[in-house]
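Visitor: The working numbering puts the first residue of the sequence shown at 3, with every later residue one more than the last.
Quick reminder that beta carbons are idealized off the backbone N, C-alpha and C, glycines included.
After the structure tokens below, expect a handful of questions from me.
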Amino acid sequence: MANNEELFKKIIAHSKEYGFVFQSSEIYDGLSAVYDYAQNGTELKNNIRNYWWKAMVQMHENIVGIDTAIFMHPTVWKASGHVDAFNDPMIDNKDSKKRYRADVLVEDHIAKIEAKITKEIEKAAIRFGESFDEQQFRNTNPRVLANIEKIEDIKNRLYPAMDNNDMVAIKQLIEDIEIVCPVSGSKNWSEVRQFNLMFSTNIGSTAEGATEIFLRPETAQGIFVNYLNVQKTGRMKIPFGIAQTGKAFRNEIVARQFIFRMREFEQMEMQFFVRPGEEMKWYEYWKNERMHWHQSLGIPAAMFRFHDHDKLAHYANAAADIEFEFPIGFKELEGIHSRTDFDLGAHEKHSGKKLRYHDPELNESYVPYVVETSIGLDRMFLAVMSFAYTEEQLEDGSSRVVMKFPPMLAPYKVAVFPLTKKDGLPEKAREIMNKLKYDHMCFYEEKDAIGKRYRRHDAIGTPYCVTVDHQTLEDNTVTIRERDTMQQERIAINEISGVVGERLNVKP
Ligand code: ATP
């Protein structure tokens, strides 16, 4: 399912219909690229955040978590490079009036050439059969070679132009490779302009006394400026990490694709402070560790891949993305960056405060190097939704949509249903629910036929439904139905919590 727009639309519709995600300010026709999490979505999001927090903080004795303010001193963003370099080049098509990120237009063009190469290889693989040697074909086929050369030429012009903020060169490149607007089909482009992605506002009440400040575009800087406070008060020894989750804001030029690219979103970041010279070891370590985390959720390994960066951000000496196969194709889900001593060094310079660590083993002071892992919570949410969304044809000819969430992430773990609304069944069901809710997130429901209630909980991904019937009143047993297999079993009331708990167990 490489590029499945249809499936993507279904996931968006399902998110709204079943209370996962709503457009922000919907009654006013919405605010572009801003979303609200609904009742079920909030539970799912909290569970993803907790699963990350536990994996990073609880499972690592040398990682602690903090929660810093969204507003920070404006010089922070000067030091971090965001004031000068957190720009995207934008370009308008004069006919369609659509705005694009200029580098993305070029990258999409490269992707089209890559697709041609792939097609050529697929055709040849069929033609040659078993004896096909892909590498040899790549190295010798003239059409493939010409296309590879084209891509190299484009990259050799795009990346230096981006590095040098050379907007004229980017415009020239777009003209030379004859990119057309996907909407109007024309080549009638505006100049390329730099656009800073930070939102700004003012702090202070009077016009004269007010200072321009920024809404943080990443949570990482809150960690950098506090690193020495944490190191000292927590008596941390290098290597150690500081984790944080929280809102970040970017005035994205093109914000489409639902919650994949938002203007207000949430990050889960961890900065790992290491000895200079040891950063590559830790970079590899965290790449593996983070990939392992994703797979620990039971999502197939084939849905993830690494993408090593050719073009590095101003602060990095190595960087890779973990990409996920969203319905819109493989896209970045998480970044792992070796940020060197860029940030701490810059904060030393701009604040005039020493941010050094005294290494007792080396008996030496230095500015630590940093390896960071940075994942978008909303993108992870979308990844989990895309993985979980399943349409099934059932044996009786009907169909169902079931969200096959990893059980520990499901919004509700158990739904409790009285079979009917009379004969004391609701009271018995409430009694069970009132005990169970101390252990698990539970949902009580008595409206509609039992089959309908099952379907509703399939659609929000509840792993277990417990039905209370007349036999329950006699022998204190219930039917428990498992979401994925739809199998039902009769168990004693006092076994419910254990059965559910077993599915949530993540111990190896
Ligand atoms: P992209 O290339 O997609 O713009 P990025 O490389 O700028 O992303 P980082 O600065 O590395 O992203 O941010 C770390 C993570 O934060 C990303 O991997 C992504 O999951 C998330 N993220 C970044 N921008 C957004 C956004 N606008 N909306 C939702 N999540 C985002």
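Kindly indicate which three-state DSSP category V185 falls into: helix, strand or coil?
Guide: coil
Visitor: Could one say the Cβ of E350 lies closer than 8 Å to chain B's Cβ atoms, at least one of them?
Guide: Among the chains of the structure shown, chain B does not appear; only one protein chain is present.
Visitor: Check whether the region 120 to 136 and the region 75 to 93 are in contact - that is, three or more C-beta pairs closer than 8 Å.
Guide: Between the region 120 to 136 and the region 75 to 93 there are fewer than three C-beta pairs closer than 8 Å, too few to call the two in contact.
Visitor: Counting along the chain, where does the alpha helix (DSSP H) carrying D105 start and finish?
Guide: 104 to 130
Visitor: Is the beta carbon of F267 within less than 7 Å of some heavy atom of ligand 1?
Guide: yes
Visitor: Near R263, which residues of its chain fall below 8 Å by C-beta distance, leaving aside the five closest residues on each side in sequence?
Guide: A35, E254, V256, A257
Visitor: In angstroms, rounded to a whole number, what distance separates the CA positions of A227 and Y371?
Guide: For the sequence presented, residue 227 should be read as Val rather than Ala. Rounded to whole angstroms, V227 to Y371 spans 14 Å at the Cα level.
Visitor: Please confirm whether any heavy atom of ligand 1 lies closer than 7 Å to the CB of D380.
Guide: yes
Visitor: Mind checking which residues open and close the beta strand (DSSP E) that includes L299?
Guide: Where L299 is concerned, there is no enclosing beta strand (DSSP E), given that its DSSP letter is neither H nor E.
Visitor: What do you get for Q246, buried or exposed, if any count of 16 or more other CB atoms within 10 angstroms of its CB means buried?
Guide: buried
Visitor: Can you tell which of D323, L314, L299, S298 has its C-alpha closest to the C-alpha of R307?
Guide: D323
Visitor: What are the boundary residues of the beta strand (DSSP E) that includes E393?
Guide: 391 to 395
Visitor: How far does the alpha helix (DSSP H) with K173 in it reach, from first residue to last?
Guide: 169 to 178
Visitor: Going by DSSP, which residues form a beta bridge with K333?
Guide: F326
Visitor: Give the secondary structure of N231 by DSSP, where H, G and I count as helix, E and B as strand, and everything else as coil.
Guide: Helix.
Visitor: Three or more C-beta pairs closer than 8 Å, one from the region 175 to 187 and one from the region 100 to 107: is that the case here?
Guide: Between the region 175 to 187 and the region 100 to 107, the count of Cβ pairs shorter than 8 Å is three or higher; the stretches touch.
Visitor: Please confirm whether P329 and N6 have their CB atoms less than 8 Å apart.
Guide: yes
Visitor: I think E8 touches A222, with their Cβ atoms under 8 Å apart; what is that distance to the nearest whole Å?
Guide: Approximately 37 Å separates the beta-carbon atoms of E8 and A222; this is outside 8 Å, ruling out the contact.
Visitor: Would I72 and L217 qualify as a contact pair, given that the criterion is a beta-carbon distance under 8 Å?
Guide: yes
Visitor: Tell me which residues share the same chain as A212 and place their Cβ nearer than 8 Å to its Cβ, disregarding the 5 neighbours each side in the sequence.
Guide: N204, I205, G206
Visitor: What number of angstroms, rounded off, separates the C-alpha of H472 from the C-alpha of S388?
Guide: 39 Å
Visitor: Counting C-beta neighbours from all protein chains within 10 Å, is the total for S400 16 or more, i.e. buried, or is it exposed?
Guide: exposed
Visitor: Can you list, in chain order, the residues of its chain whose CB lies under 7 Å from that of A4, leaving out five sequence neighbours each side?
Guide: Residue confidence is low: A4 scores 42 on pLDDT, short of 50, so the model does not pin down where it sits. Its coordinate-derived value is still stated next. Only G331 meet the Cβ criterion.
Visitor: Alpha carbons only, please: which of P413, L506, P510 is nearest the one belonging to F1?
Guide: Since the displayed the chain opens at 3 and closes at 510, residue 1 lies outside it and no answer follows.
Visitor: Among all the DSSP beta bridges, which residues are the ones paired with M270?
Guide: According to DSSP, which records beta bridges pairwise, M270 is partnered with T247, I377.
Visitor: Sorry if obvious, but does the Cβ on R218 come closer than 7 Å to a heavy atom of ligand 1?
Guide: With a threshold of 7 Å, the Cβ atom of R218 does not count as near ligand 1, since no heavy atom of the ligand is closer than that.
Visitor: If the criterion is Cβ atoms closer than 8 Å, does the pair D361 and K157 meet it?
Guide: no
Visitor: Measuring only the C-alpha atoms, how far is F290 from H111?
Guide: Position check: residue 290 holds Asn in this sequence, whereas Phe was assumed. Rounded to whole angstroms, N290 to H111 spans 31 Å at the Cα level.
Visitor: Tell me the DSSP secondary structure of V418 in three-state form.
Guide: strand
Visitor: Throw me the rounded Cβ distance for the A1 and V470 pair, which I believe falls under 8 Å.
Guide: Beyond the ends of the chain as shown, which are 3 and 510, falls residue 1; an answer cannot be given.
Visitor: Which residues bound the beta strand (DSSP E) around Y359?
Guide: Secondary structure note for Y359: its beta strand (DSSP E) is the uninterrupted segment 359 to 361.
Visitor: Closest to D486 by C-alpha separation, out of D398, A390, D477, would be which residue?
Guide: D486 has its Cα closest to that of A390, out of D398, A390, D477.
Visitor: Within a Cβ cutoff of 7 Å, which residues of the same chain sit near H84, ignoring the five residues on either side of it in sequence?
Guide: Correct list, in chain order: M200, P219.
Visitor: According to DSSP, which residues form a beta bridge with E366?
Guide: D361
Visitor: For M61, count the other beta carbons within 10 Å of its own beta carbon; 16 or more makes it buried, fewer makes it exposed. Which is it?
Guide: exposed
Visitor: Let's test the definition: count the other Cβ atoms within 10 Å of the Cβ of P409 and tell me whether it reaches 16, buried, or not, exposed.
Guide: buried
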